[in-house]
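Accompanying notes for the structure given below.
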Amino acid sequence: MLSILLAFSAQTAPLPTADLDAALNCAAAIRASETAPTLETAIPSMYFGMLATSLDKAEGAFAERLVQASGKILAASRTVRNAPTVIAECRKRFPRAWATAARLPQDSYERGILCTFVAGGYSGIAQETGRASGDTREGTRVSARIAFYSSLISDAEYNAHGVRTTNDIGAEFGRVMTASLTHGNLRALFNACEAAYPR
1 MLSILLAFSA QTAPLPTADL DAALNCAAAI RASETAPTLE TAIPSMYFGM
51 LATSLDKAEG AFAERLVQAS GKILAASRTV RNAPTVIAEC RKRFPRAWAT
101 AARLPQDSYE RGILCTFVAG GYSGIAQETG RASGDTREGT RVSARIAFYS
151 SLISDAEYNA HGVRTTNDIG AEFGRVMTAS LTHGNLRALF NACEAAYPR
């Protein structure tokens, strides 16, 4: 753990070559730059946390490993130097973390399950940052759509894709969230889902 913290504290541009190390550095730099959590920082921070989790081939469910990665990022953020310089490099290398537009899969199942999981993830971030800022409008807007997105995939469709148990759901969550990184960040994806499934 000490070697990881030293690597973070000594980090200056350019970023490490390995995407896993770069993602962790980016997330830590964003956390270090925060005075209070906002959507503008939480969205790219989550993107990098998910990217690091997807690249780390450790055993365990994706959700559990994401929590572990978040703990490492928080610890490392306390020793980051030159955060603005690091973030500028992150923007160049991983523009999707900050992008406002995203594309959805063409396949109906893949699109539906992506929007289901994205809605849940984005809702959590929007509500958390809303509580911190006192502006709960976005969290309220997104949470009101959770039931709709949860209904996009029927039990029959889940079964047809081999998703039958809680463990299957966990594995599918990891697969879909990993795939989502090639499409966009959670906020951009949620907005794309809103356009694809109008009220």
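Just so we're aligned: the sequence shown equals residues 1 to 199 in the numbering used here. Glycine is no exception: its CB is placed at the ideal position from the N, C-alpha and C atoms.
For residue 138, does the count of other Cβ atoms within 10 angstroms reach 16, so buried, or fall short, so exposed? As a first step, residue 138 must be located in the sequence shown, where it is residue number 138. So residue 138 ends up on the buried side.
Contacts around residue 3, its chain only, beta-carbon distance under 6 Å, and the 5 residues preceding and following it disregarded: Counting from 1 along the sequence shown, the entry for residue 3 is found at position 3. Low local confidence applies: a pLDDT of 46 at residue 3 is under 50, so the model's placement there is unreliable, with the coordinate-based value given in what follows. Within the same chain, no Cβ atom closer than 6 Å to the Cβ of residue 3 is found once the five residues on either side in sequence are excluded.
Which term fits residue 89, buried or exposed, when burial requires 16 or more other beta carbons within 10 angstroms of its beta carbon? Start at 1 with the first residue of the sequence shown, and residue 89 comes out as number 89. Under this definition residue 89 is a buried residue.
Enumerate in chain order the residues of its own chain whose CB-to-CB distance from residue 28 is below 7 Å, with the five nearest sequence positions on each side excluded. As a working mapping, residue 28 is identified with position 28 in the sequence shown. The residues are 8, 73, 76, 77, 80.
To the nearest angstrom, how far is the alpha carbon of residue 17 from that of residue 199? Taking the sequence shown and counting its residues from 1, one reaches residue 17 at position 17. Taking the sequence shown and counting its residues from 1, one reaches residue 199 at position 199. So the alpha carbons of these two residues sit roughly 44 Å apart.
At the level of alpha carbons, what is the spacing between residue 100 and residue 187? Sequence index remark: in the sequence shown, residue 100 carries index 100 (1-based). Sequence index remark: in the sequence shown, residue 187 carries index 187 (1-based). Cα to Cα, residue 100 sits roughly 8 Å from residue 187.
Since residue 93 and residue 22 are thought to touch, with beta carbons under 8 Å apart, how far apart are those beta carbons, to the nearest angstrom? As a first step, residue 93 must be located in the sequence shown, where it is residue number 93. As a first step, residue 22 must be located in the sequence shown, where it is residue number 22. Going by Cβ atoms, the distance from residue 93 to residue 22 rounds to 7 Å, so yes, they are a contact pair.
Tell me the DSSP secondary structure of residue 94 in three-state form. In the sequence shown, residue 94 corresponds to position 94, counting from 1. Residue 94 falls in the coil class under three-state DSSP.
CA-to-CA distance, residue 133 to residue 37, given in whole angstroms: What you label residue 37 is simply residue 37 of the sequence shown in a count that begins at 1. What you label residue 133 is simply residue 133 of the sequence shown in a count that begins at 1. Approximately 8 Å, taken between the alpha carbons.
Residue ranges of each alpha helix (DSSP H) run of no fewer than 4 residues wholly in the region 19–53, ordered along the chain? 19–33
Would you tell me roughly how many angstroms separate the C-alpha atoms of residue 67 and residue 135, rounded to the nearest one? One-based indexing of the sequence shown puts residue 67 at position 67. One-based indexing of the sequence shown puts residue 135 at position 135. Their backbone Cα atoms lie some 26 Å apart in a straight line.
Three Cβ pairs or more, each shorter than 8 Å: is that satisfied between the region 42–49 and the region 148–163? no
Check whether the region 158–167 touches the region 115–126, taking contact to mean three or more Cβ pairs, one atom from each stretch, closer than 8 Å. The region 158–167 vs the region 115–126: no contact.
So does the region 166–184 actually touch the region 56–64, counting three or more Cβ pairs closer than 8 Å? With the rule of 3 Cβ pairs closer than 8 Å, the region 166–184 counts as touching the region 56–64.
Distance, Cα to Cα, residue 125 vs residue 115? Translated into positions along the sequence shown, residue 125 becomes position 125. Translated into positions along the sequence shown, residue 115 becomes position 115. So the alpha carbons of these two residues sit roughly 15 Å apart.
Would you mind working out which of 98, 111, 54 sits nearest residue 197, comparing C-alpha positions? Here residue 197 refers to the residue found at position 197 of the sequence shown. Minimum Cα distance to residue 197 is reached at 111.
In chain order, what residues of the same chain lie with their CB nearer than 7 Å to the CB of residue 14, ignoring the 5 residues before and after it? Here the question's residue 14 lines up with position 14 in the sequence shown. Excluding residues within five positions, the ones whose Cβ falls inside 7 Å are 89.
Supposed contact pair residue 178 and residue 54 - C-beta distance, whole angstroms, cut 8 Å: Here residue 54 refers to the residue found at position 54 when the sequence shown is read from its first residue. Here residue 178 refers to the residue found at position 178 when the sequence shown is read from its first residue. 4 Å between Cβ atoms; contact.
Can you tell me the Cβ-Cβ gap for residue 104 and residue 193, rounded? I've got them flagged as a contact below 8 Å. Against the sequence shown, residue 104 aligns to sequence position 104. Against the sequence shown, residue 193 aligns to sequence position 193. Between residue 193 and residue 104 the Cβ distance is about 7 Å, and since that is below 8 Å, they are a contact.
Is residue 170 near residue 96, with beta carbons less than 8 Å apart? Working through the sequence shown from its first residue, we reach residue 170 at position 170. Working through the sequence shown from its first residue, we reach residue 96 at position 96. Result no, Cβ atoms of residue 170 and residue 96 do not sit closer than 8 Å.
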